[in-house]
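Worksheet: one structure, shown below.
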Amino acid sequence: MQLHNTLTGRKEEFVPLDPRRVTMYVCGPTVYSYAHIGNARPAVVFDVLARVLRRRFPGVAYARNITDIDDKINAAAAREGVDIGVITQRFAAIYREDMAALGVLPPDFEPRVTAHLPQIIDMIQRLIAAGHAYEAQGHVLFHTLSFKEYGQLSGRDEQALMAGARVEVAPYKKHAGDFVLWKPSTPEQPGWESPWGRGRPGWHIECSAMAEALLGETIDIHGGGHDLIFPHHENEIAQSTCAHGGKIFARYWLHNGFLNVDHQKMSKSIGNVLLVHELLKSVPGEAIRLVLLTGHYRQPIDWTDEVVAEARKKLDRLYGALRDLGEVEAAPDVRAPQAFIDALEDDLNTPMALAELFELARAANKAESPADKARIKAQMLDAGSVLGLLQQPPAAWFAWAPQVDGRPTAEEIDALLVQRADARRNKQWAESDRIRDVLKARGVLIEDSKDGQRWRYA
Numbered sequence: 097m098q099l100h101n102t103l104t105g106r107k108e109e110f111v112p113l114d115p116r117r118v119t120m121y122v123c124g125p126t127v128y129s130y131a132h133i134g135n136a137r138p139a140v141v142f143d144v145l146a147r148v149l150r151r152r153f154p155g156v157a158y159a160r161n162i163t164d165i166d167d168k169i170n171a172a173a174a175r176e177g178v179d180i181g182v183i184t185q186r187f188a189a190i191y192r193e194d195m196a197a198l199g200v201l202p203p204d205f206e207p208r209v210t211a212h213l214p215q216i217i218d219m220i221q222r223l224i225a226a227g228h229a230y231e232a233q234g235h236v237l238f239h240t241l242s243f244k245e246y247g248q249l250s251g252r253d254e255q256a257l258m259a260g261a262r263v264e265v266a267p268y269k270k271h272a273g274d275f276v277l278w279k280p281s282t283p284e285q286p287g288w289e290s291p292w293g294r295g296r297p298g299w300h301i302e303c304s305a306m307a308e309a310l311l312g313e314t315i316d317i318h319g320g321g322h323d324l325i326f327p328h329h330e331n332e333i334a335q336s337t338c339a340h341g342g343k344i345f346a347r348y349w350l351h352n353g354f355l356n357v358d359h360q361k362m363s364k365s366i367g368n369v370l371l372v373h374e375l376l377k378s379v380p381g382e383a384i385r386l387v388l389l390t391g392h393y394r395q396p397i398d399w400t401d402e403v404v405a406e407a408r409k410k411l412d413r414l415y416g417a418l419r420d421l422g423e424v425e426a427a428p429d430v431r432a433p434q435a436f437i438d439a440l441e442d443d444l445n446t447p448m449a450l451a452e453l454f455e456l457a458r459a460a461n462k463a464e465s466p467a468d469k470a471r472i473k474a475q476m477l478d479a480g481s482v483l484g485l486l487q488q489p490p491a492a493w494f495a496w497a498p499q500v501d502g503r504p505t506a507e508e509i510d511a512l513l514v515q516r517a518d519a520r521r522n523k524q525w526a527e528s529d530r531i532r533d534v535l536k537a538r539g540v541l542i543e544d545s546k547d548g549q550r551w552r553y554a
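Numbering-wise, my numbering puts 142 at position 46 of the sequence shown, and it's gapless, one number per residue.
The structure is reproduced here in structure tokens:
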């Protein structure tokens, strides 16, 4: 199995420290608002990676955190006049629901910062004791000059690091690039007691402490979006390595590329930020997932109406092939073709894996013998399970519809189709056509096949 390691800039053979327990930590959401489609990309990408790892190794420990201490959370709570817990619980629940709609499985661990304050404080104390951090005017800061490998992940020299960090100029810093581990809270701000007074942790130390608590001092894989390489992941490496006496923090660093909308970067100022919660009202979750997997995870992808429409057509083909297999029982103990697995184990090459899946769909449409149909159906379903696709009955896929007023329900459609079947049986062709036209006018397309009537929302 090969993975591209951001730290070395090359593809490497993946060899876990302990194949009985592969460890992976991925930076999760800061829960102050709805997740946008860019936030969904790492959730989907690393969900697929976790599925691939579970096929190859007997044990996988996958942690994806919830950041529930943050200034944006504080601001949202202040606007509503509520405790920060009201905000974080609401949007954490919405995040889980939205990701589930995209087929994302829950991680093994979902640590929250508020549940790990003792571990965070302990790590900061260790950094101070080792001479890598210092207290100044109620703050505790990591001294970047104490870690000579600082900048290795992002490949930036010190001048570029300072420019990229947009560092806060503060007279109490020993060096301009030093970053906050703990900061004081005002009386109206959320805060926790610490050896340095009432305050709250800095962003970077949170992930280091939670990864250590759940997965150990050295983990196999650390993942996240490309935007986290600097400063977040660079700072995680510095503080974790120093807190662990020089031990390697993460052995493989994986980062997914950016997501653009109509060839532009998502931006509030442009007004093109797409929220998953809203998209799900007009686009099937599985189609959103397929869009996010169509491009290689390390490359940028572009979200457009055309790409979404094409994803729906592709899923129509896949589910259509399964539907045409009808009542054929999937062959037992048959798994996805090796070429499909090889593609995913080659740095998670989902475009190549999808090509193999569509080859199976083409083979299904040509298969004639019951044995071939049973084998191909099993292969398609197994391949789908690795990608998080094809996890519902074909009828459910074709029955999905956007939230549109006046659209008939599945029950109403089925009742009309019973009437149409009676009309056709009695050779009342005008009545049959009338019912078909009524359904078409209400956004439902009818297809007559050798297996009977099929329908789908237009």
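We put the beta carbon where it would ideally sit given N, CA and C, even for glycine. What you are looking at is a predicted structure, and each value in this text was computed from that prediction instead of being measured.
If I measure Cβ to Cβ from residue i and keep anything under 6 Å in the same chain, skipping five residues before and after, which residues do I get?
| i | result |
| --- | --- |
| Pro-115 | Phe-153 |
| Thr-446 | Leu-389 |
| Ala-173 | Ile-180, Ile-183 |
| Arg-340 | The sequence as given places His at residue 340; Arg does not occur at that position. Cβ within range, chain order: Glu-313. |
| Met-476 | Leu-456 |
| Tyr-246 | Thr-240, Ala-334 |
| Leu-103 | Leu-249, Trp-349 |
| Phe-142 | Val-122, Gly-319 |
| Thr-126 | Thr-163, Asp-166 |
Could you name the residues of the same chain whose beta carbon sits closer than 7 Å to that of residue i, not counting the 5 residues immediately before and after it, in chain order?
| i | result |
| --- | --- |
| Asn-101 | Glu-108, Tyr-348, Trp-349 |
| His-322 | His-351, Asn-352, Gly-353, Phe-354 |
| Ile-542 | Arg-532, Leu-535, Gln-549, Trp-551 |
| Val-379 | Val-404 |
What is the DSSP secondary structure of residue i, reduced to helix, strand or coil?
| i | result |
| --- | --- |
| Lys-107 | strand |
| Val-430 | coil |
| Trp-496 | coil |
| Leu-485 | coil |
| Asn-461 | helix |
| Val-118 | strand |
| Tyr-130 | coil |
| Phe-275 | strand |
| Asn-445 | coil |
| Gly-260 | Bear in mind that a pLDDT of 49 at Gly-260, under 50, signals an unreliable position, so the number given afterwards is only what the model happens to contain. Helix at Gly-260. |
| Leu-99 | strand |
| Asp-533 | helix |
| Val-369 | coil |
| Asn-161 | coil |
Quick one: using the 10 Å Cβ neighbour count with 16 as the cut-off for buried, is residue i buried or exposed?
| i | result |
| --- | --- |
| Trp-551 | buried |
| Ser-545 | exposed |
| Tyr-393 | buried |
| Asn-331 | buried |
| Ser-395 | One point to set straight first is that residue 395 is Gln, not Ser, in the sequence displayed. Looking at its Cβ environment, which holds fewer than 16 other Cβ atoms inside 10 Å, Gln-395 is exposed. |
| Asn-135 | buried |
| Thr-304 | Checking the sequence, you will find Ser at residue 304 rather than Thr. By the 10 Å Cβ count, Ser-304 comes out buried. |
| Lys-410 | buried |
| Ser-365 | exposed |
| Pro-489 | exposed |
| Glu-382 | buried |
| Val-514 | exposed |
| Trp-525 | exposed |
| Ala-407 | buried |
| Glu-508 | exposed |
| Val-482 | buried |
| Gly-342 | exposed |
Does the distance from the CB of residue i to the CB of residue j come in under 8 Å?
| i | j | result |
| --- | --- | --- |
| Asp-194 | Ala-131 | yes |
| Glu-452 | Pro-433 | yes |
| Gly-199 | Gln-487 | yes |
| Asp-166 | Tyr-191 | no |
| Glu-231 | Trp-292 | yes |
| Leu-440 | Val-118 | no |
| Gly-484 | Arg-419 | no |
| Gly-422 | Asp-547 | yes |
| Gln-285 | Asn-161 | no |
| Ala-511 | Ala-495 | no |
| Lys-469 | Val-430 | no |
Can you tell me the Cβ-Cβ gap for residue i and residue j, rounded? I've got them flagged as a contact below 8 Å.
| i | j | result |
| --- | --- | --- |
| Val-122 | Gly-319 | 4 Å |
| Pro-203 | Ala-159 | 6 Å |
| Ala-307 | Ile-315 | 6 Å |
| Ser-281 | Gly-295 | 5 Å |
| His-212 | Cys-338 | Going by Cβ atoms, the distance from His-212 to Cys-338 rounds to 19 Å, so no, they are not a contact pair. |
| Ala-491 | Leu-376 | Incorrect: roughly 20 Å between the Cβ atoms, too far for contact. |
| Phe-275 | Leu-237 | 7 Å |
| His-359 | Asp-398 | 6 Å |
Cutting at 8 Å between CB atoms, please list the residues of its own chain near residue i, excluding the five before and the five after it.
| i | result |
| --- | --- |
| Pro-428 | Ala-474 |
| Pro-138 | Val-122, Cys-123, Gly-319, Gly-320, Gly-321, Asn-352 |
| Met-362 | His-132, Ile-133, Gly-134, Leu-355, Asn-356, Asn-368, Val-369, Leu-370 |
| Gly-260 | Confidence at Gly-260 is low in this model, with a pLDDT of 49, below 50, so the placement of that residue should be treated as unreliable; the coordinate-derived value is given next. Correct list, in chain order: Ser-250, Arg-252, Phe-326, Pro-327. |
| Glu-98 | Correcting the residue type first, residue 98 is Gln in the shown sequence and not Glu. If we look at Gln-98 and ignore the five residues flanking it on each side, its Cβ neighbours are Lys-107, Glu-108, Glu-109, Phe-110, Glu-441, Asp-442, Asp-443. |
| Lys-269 | Ala-232, Leu-237 |
Please indicate yes or no: does the CB of residue i lie closer than 7 Å to some heavy atom of the ligand NAP?
| i | result |
| --- | --- |
| Ala-407 | This structure lacks the ligand NAP; in fact it carries no ligand of any kind. |
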